[in-house]
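Comments concern the structure below.
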Amino acid sequence: MSCNLHLVGIIICRNGSRKYPPHLVEVEAIQHRTTQIFHKVYFPDDTDEVKGEISLSLSRLFLSLFPFSLSLCLSLAPVLYLMSVSQTLTEMLCVSPQAFEVESSTKAKDFCQNISTRLMLKAAEGFSLFVKISDKVISVPEGDFFFDFVRHLTDWIKKARPAKESTVPSLTYQVFFMKKLWTHTVPGKDQMADSIFHYYQELPKYLRGYHKCSRDEVLQLAALIYRVKFEDDKSHFPSIPKILKELVPQDLIRQLSPDDWKRSVVAYYNKQAGKSREEAKLTFLKIIYKWPTFGSAFFEVKQTTEPNYPEILLIVINKHGVSLIDPKTKDILTTHPFTKISNWSSGNTYFHITIGNLVRGSKLLCETSLVTAASVHWGEGREGKQSCMVRALALRSRDLGKFPYSTHAPVNSSK
């Protein structure tokens, strides 16, 4: 009877009908005479809870999600701007999983709302689910049924990598939850989001040296990062020279000797006496929030059309639009609002964008041997303003390939 009621619920679901057959996990649940399926979701904070991955097998109904580290999102469906998921996921190793019930009729948007409610976030706006399977990390479109997306993804992986005869390919997939849209993000507005997500997502980008900052800011931030790591424990001071990569942007480490860094960081740490770990996170965010590159996605590309720009550029995507940055000086060379981007085209090894009028507008051609095209959607939503679609390059994380949900190259679009 419960199965029949469950089936009826799916059929008459106001959210529409499923597009793909049930996922193996759904089948296993029915075989075990239960309709309850729990997904273990991981977050980027570093609390000490269960860590690890759980393989998809006939005896397991609990699926784990991936430890947070922003690997590139190949499918960016409708989002404000592309998030550089690529190198970050590998740098956020501590995670705190929780189990959430997922039904066959659960859409990604509902899943996100459930997680947001459990975590007591002020709102689910800007957050997204990501699925990691094999070597790919892909954003789940909010309008998709969760298990439809996973089923389609696993089927595609199996077809792309056929198993040997008489061997059933075993795929482990993992799900994680993180902030993707930063339009209205203001440090201090949602303390839970700051503590669990914002700090840990912005930290890797800062340490990779993408932001332009002063020496004083670097020392302040290093002391705050130390306090988040060790709080009031000063016993790790002697180890500061060994963990500079975890405290200071990688391109600035050689500006001082290890001992000078230690002395300066300790001095700034002592000035912050009495701060708690959570207060240190918030202070860190408030400092970098002042920068025009806060909440951005960063992509290193080679441009071949503009002689006045360096050959190697950082393409930065955030709420302001698409900016070009000199990776050496960190100076913003120019910023193009999304409304000024009139045309784009992309392929496996290039990205072509037209700014301004289609006839007289300027064009920028970027190249790299390790790229995938990803959609970026700029929309004003509730304000009712027009939106436009742009394309941006996303560096592949090692062996990342294309997935049907992402754009096939070559593609092009106009405003």
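Heads up: the sequence shown at position 14 corresponds to 14 in full-length UniProt numbering, and the numbers run straight through without jumps.
Glycine residues also receive a C-beta, built at the ideal position from the N, C-alpha and C atoms.
Locate the beta strand (DSSP E) running through residue i, then write down its first and last residues.
{"i": "I240", "result": "Note, I240: premise wrong, no beta strand (DSSP E); not H, not E."}
{"i": "T117", "result": "That residue, T117, is in no beta strand (DSSP E); its alpha helix (DSSP H) goes 108-118."}
{"i": "K40", "result": "38-41"}
{"i": "E367", "result": "362-367"}
Short check: CB of residue i to CB of residue j, under 8 Å?
{"i": "V140", "j": "L129", "result": "yes"}
{"i": "L364", "j": "T305", "result": "yes"}
{"i": "T183", "j": "L171", "result": "no"}
{"i": "residue 430", "j": "I325", "result": "One cannot answer for residue 430 here, as it falls past the ends of the chain, which runs 1 to 415."}
{"i": "L282", "j": "M192", "result": "no"}
{"i": "V27", "j": "I37", "result": "no"}
{"i": "Q220", "j": "Y173", "result": "no"}
{"i": "D194", "j": "L285", "result": "yes"}
{"i": "V150", "j": "H23", "result": "yes"}
{"i": "P44", "j": "I196", "result": "yes"}
{"i": "F100", "j": "N114", "result": "yes"}
{"i": "F298", "j": "L314", "result": "yes"}
{"i": "C366", "j": "V301", "result": "yes"}
{"i": "V316", "j": "F177", "result": "no"}
{"i": "P337", "j": "G321", "result": "yes"}
{"i": "H152", "j": "K179", "result": "no"}
{"i": "H352", "j": "V175", "result": "no"}
Classify residue i as helix, strand or coil using the three-state DSSP reduction.
{"i": "K302", "result": "strand"}
{"i": "V102", "result": "coil"}
{"i": "I317", "result": "strand"}
{"i": "M178", "result": "strand"}
{"i": "S276", "result": "coil"}
{"i": "K132", "result": "strand"}
{"i": "R382", "result": "Note that R382 scores 29 on pLDDT, short of 50, meaning its location in the model is unreliable; the coordinates nonetheless yield the value given after this. Note: R382 maps to helix in three-state DSSP."}
{"i": "K19", "result": "coil"}
{"i": "V140", "result": "coil"}
{"i": "Y173", "result": "strand"}
{"i": "E246", "result": "helix"}
{"i": "C282", "result": "It is Leu, not Cys, that sits at residue 282 in the sequence shown. Looking at L282 - three-state DSSP - the assignment turns out to be helix."}
{"i": "K340", "result": "helix"}
{"i": "V265", "result": "helix"}
{"i": "A124", "result": "coil"}
{"i": "S323", "result": "strand"}
{"i": "S296", "result": "coil"}
{"i": "S345", "result": "strand"}
{"i": "K330", "result": "coil"}
Can you give me the start and stop residues for the alpha helix (DSSP H) that residue i sits inside?
{"i": "E26", "result": "24-31"}
{"i": "K159", "result": "146-160"}
{"i": "F351", "result": "That residue, F351, is in no alpha helix (DSSP H); its beta strand (DSSP E) goes 350-355."}
{"i": "E202", "result": "199-207"}
{"i": "E217", "result": "215-230"}
Buried or exposed: residue i, going by 16 or more other Cβ atoms within 10 Å of its Cβ?
{"i": "N308", "result": "exposed"}
{"i": "A124", "result": "buried"}
{"i": "A273", "result": "exposed"}
{"i": "G16", "result": "exposed"}
{"i": "E103", "result": "buried"}
{"i": "N270", "result": "exposed"}
{"i": "H236", "result": "exposed"}
{"i": "V359", "result": "exposed"}
{"i": "S116", "result": "buried"}
{"i": "S276", "result": "exposed"}
{"i": "K132", "result": "buried"}
{"i": "K234", "result": "exposed"}
{"i": "S105", "result": "buried"}
{"i": "T354", "result": "buried"}
{"i": "N318", "result": "buried"}
{"i": "D255", "result": "Correcting the residue identity first, residue 255 is Gln in this sequence and not Asp. Exposed, because fewer than 16 other Cβ atoms sit within 10 Å of the Cβ of Q255."}
{"i": "S239", "result": "exposed"}
{"i": "residue 416", "result": "Missing from the structure shown is residue 416; the chain here goes from 1 to 415 and no further."}
{"i": "K328", "result": "exposed"}
{"i": "P249", "result": "buried"}
Of all the CB atoms in chain D, is at least one closer than 8 Å to the CB of residue i?
{"i": "R18", "result": "This model lacks chain D altogether, as it is built from one protein chain only."}
Pairing CB atoms from the segment 146-153 with CB atoms from the segment 96-110, are three or more of them under 8 Å?
yes
Do the segment 288-302 and the segment 233-245 make contact, defined as three or more Cβ pairs closer than 8 Å?
no
Could you tell me whether the segment 216-233 touches the segment 183-195, using the rule of 3 or more Cβ pairs below 8 Å?
no
Are the segment 341-358 and the segment 205-215 in contact at 8 Å, needing three or more beta carbon pairs?
no
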